[in-house]
Amino acid sequence: DETFKIHAFTEAAAEVGGDYYDTYKLDEHRFAVVIGDVSGKGTSAAFHMSQMKGIFQSIVQLDLDPKSFLVNANNALSNCLQRTSFITLSYFIIDTKARSLEFSRAGHCPTLYYDKKKKQAKYFENKGLGLGILRNQTFENFIEVSKMKFKSDDILLLYTDGISEATNSENEEFGYERMKNLLEQNAHYDPVMVQKVFIGKLYEFCKNTNLNDDYTILVIKFN
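For the sequence shown, position 147 matches number 366 in the working numbering, and the numbering has no gaps at all.
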């Protein structure tokens with residue numbers, strides 16, 4: 220879409236992983252974006268994430284608000300997800316006509332957002348509980364919807380905890396503050412370069428290529 224540029228990167232710690240991202244065009248001016256992470260790793264995580272993909276592709280067509288989407292996804296997963304498993308998820312609706320974002324979080328990492336006017340990045344910390352943790356109607360009490368307007372050159376950065384929690388040889392985490400600073404320092408780049416800088420700095424920080432968890436990052440820059 221001419222209103223934004225989007226770029227994603229993902230790499231699994233094993234041959235297959237449990238990270239997931241997807242997009243869907245709701246209508247001419249509205250787009251759904253989702254990012255998720257299954258508890259655990261490897262083939263079982265990949266299997267559950269494939270279930271999440273099917274649920275996303277089905278429910279997204281109902282054109283629900285973000286909270287209703289997550290409530291319906293939780294209901295669907297409650298019938299098929301192993302009792303010991305859960306999925307964290309963030310769900311966004313981008314409205315290019317209203318130039319607005321509407322979003323909810325189900326236990327996923329707080330989204331990082333760069334405000335071009337303020338030249339500052341911040342984390343969205345709206346509350347939310349992972350899908351499959353509560354398998355009854357009380358789940359909806361733990362989800363909230365947030366709304367905001369976006370401006371030209373603002374950046375929406377979605378990621379999984381494999382990036383924020385990556386550790387070096389001293390067991391220090393890559394961490395939220397480092398990610399915030401990186402985005403502020405490189406916000407003038409396009410989404411492809413922002414992603415390359417993040418992943419490059421991540422590998423430099425870890426000083427090896429043996430992943431402890433899946434890495435996924437999704438960068439959206441508004442025009």
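Quick reminder that beta carbons are idealized off the backbone N, C-alpha and C, glycines included. Note that the structure is predicted; figures quoted are calculated from it, not measured.
Near residue i, which residues of its chain fall below 7 angstroms by C-beta distance, leaving aside the five closest residues on each side in sequence?
{"i": "K272", "result": "Y239 and D241"}
{"i": "V235", "result": "G261, T262 and A265"}
{"i": "F368", "result": "It should be pointed out that residue 368 corresponds to Lys in this sequence rather than to Phe. These residues qualify, in order along the chain: R318 and S319."}
{"i": "G237", "result": "D256, V257, G259, K260, A264, A265, H267, M268 and D433"}
{"i": "Y395", "result": "Y342 and S383"}
{"i": "I274", "result": "A292, A295 and L296"}
{"i": "H407", "result": "none"}
Grab me the residues of residue i's own chain with a C-beta within less than 8 angstroms of its C-beta, minus the 5 sequence neighbours each way, in chain order.
{"i": "L300", "result": "H267, Q270, I306, L350 and G351"}
{"i": "L353", "result": "N293 and F361"}
{"i": "I278", "result": "F288, N291, A292 and A295"}
{"i": "E321", "result": "D284, P285, F311, I312, D314, V364, S365 and K366"}
{"i": "Q276", "result": "D241 and Y243"}
{"i": "K426", "result": "N387 and S388"}
{"i": "K370", "result": "R318, D334, K335, K336 and F441"}
{"i": "L348", "result": "A325, G326, F358, F361 and I362"}
Using beta-carbon positions only, say whether residue i and residue j come within less than 7 angstroms of one another.
{"i": "I439", "j": "F228", "result": "no"}
{"i": "I254", "j": "L377", "result": "yes"}
{"i": "D256", "j": "T315", "result": "no"}
{"i": "S383", "j": "C328", "result": "yes"}
{"i": "E340", "j": "L421", "result": "In the sequence as displayed, the identity of residue 340 is Ala instead of Glu. Not a contact, by the Cβ cut-off of 7 angstroms."}
{"i": "F441", "j": "F250", "result": "no"}
{"i": "G416", "j": "N431", "result": "Residue 416 is actually Val in this sequence, not Gly. It is not a contact, given that the beta carbons lie outside the stated cut-off."}
{"i": "L226", "j": "V411", "result": "Inspection of the sequence shows that residue 226 is occupied by His rather than by Leu. Contact flag set, yes."}
Going straight from the alpha carbon of residue i to that of residue j, what length do you get?
{"i": "I313", "j": "L283", "result": "13 angstroms"}
{"i": "S287", "j": "T379", "result": "22 angstroms"}
{"i": "D334", "j": "D246", "result": "26 angstroms"}
{"i": "T330", "j": "Y342", "result": "5 angstroms"}
{"i": "G326", "j": "K399", "result": "20 angstroms"}
{"i": "N291", "j": "L281", "result": "10 angstroms"}
{"i": "K244", "j": "L308", "result": "19 angstroms"}
{"i": "Y332", "j": "E423", "result": "23 angstroms"}
{"i": "F393", "j": "G419", "result": "12 angstroms"}
{"i": "D373", "j": "N355", "result": "37 angstroms"}
{"i": "T303", "j": "E391", "result": "28 angstroms"}
{"i": "A233", "j": "V413", "result": "25 angstroms"}
{"i": "G381", "j": "N298", "result": "27 angstroms"}
Given residue i, which residues of its chain have a CB within under 6 angstroms of its CB, disregarding the five upstream and five downstream residues?
{"i": "N345", "result": "R324, E363 and S365"}
{"i": "V252", "result": "T242 and F311"}
{"i": "A231", "result": "D433"}
Comparing the CB of residue i with every heavy atom of the ligand GDP, is any distance shorter than 6 angstroms?
{"i": "M268", "result": "In the structure on display, the ligand GDP does not appear, and there are no ligands present to speak of."}
> Whole alpha helix (DSSP H) runs in the stretch 252 to 293 with 4 or more residues, listed along the chain?
Replying inline: Those alpha helix (DSSP H) runs which fall completely within the stretch 252 to 293 and span 4+ residues are 261 to 278.
> Three or more beta-carbon pairs under 8 angstroms between the stretch 353 to 360 and the stretch 379 to 389, yes or no?
Replying inline: No, because fewer than three Cβ pairs between the stretch 353 to 360 and the stretch 379 to 389 fall closer than 8 angstroms, the two stretches do not touch.
>> Quick check on the DSSP output: what are the complete alpha helix (DSSP H) runs of length 4 or more inside the stretch 404 to 432, in order along the chain?
In response: Correct list: 410 to 425.
>> My parser needs the alpha helix (DSSP H) runs of 4 or more residues fully inside the stretch 341 to 377; what are they?
In response: If we require 4 residues or more, the stretch 341 to 377 turns out to have no alpha helix (DSSP H) run fully inside it.
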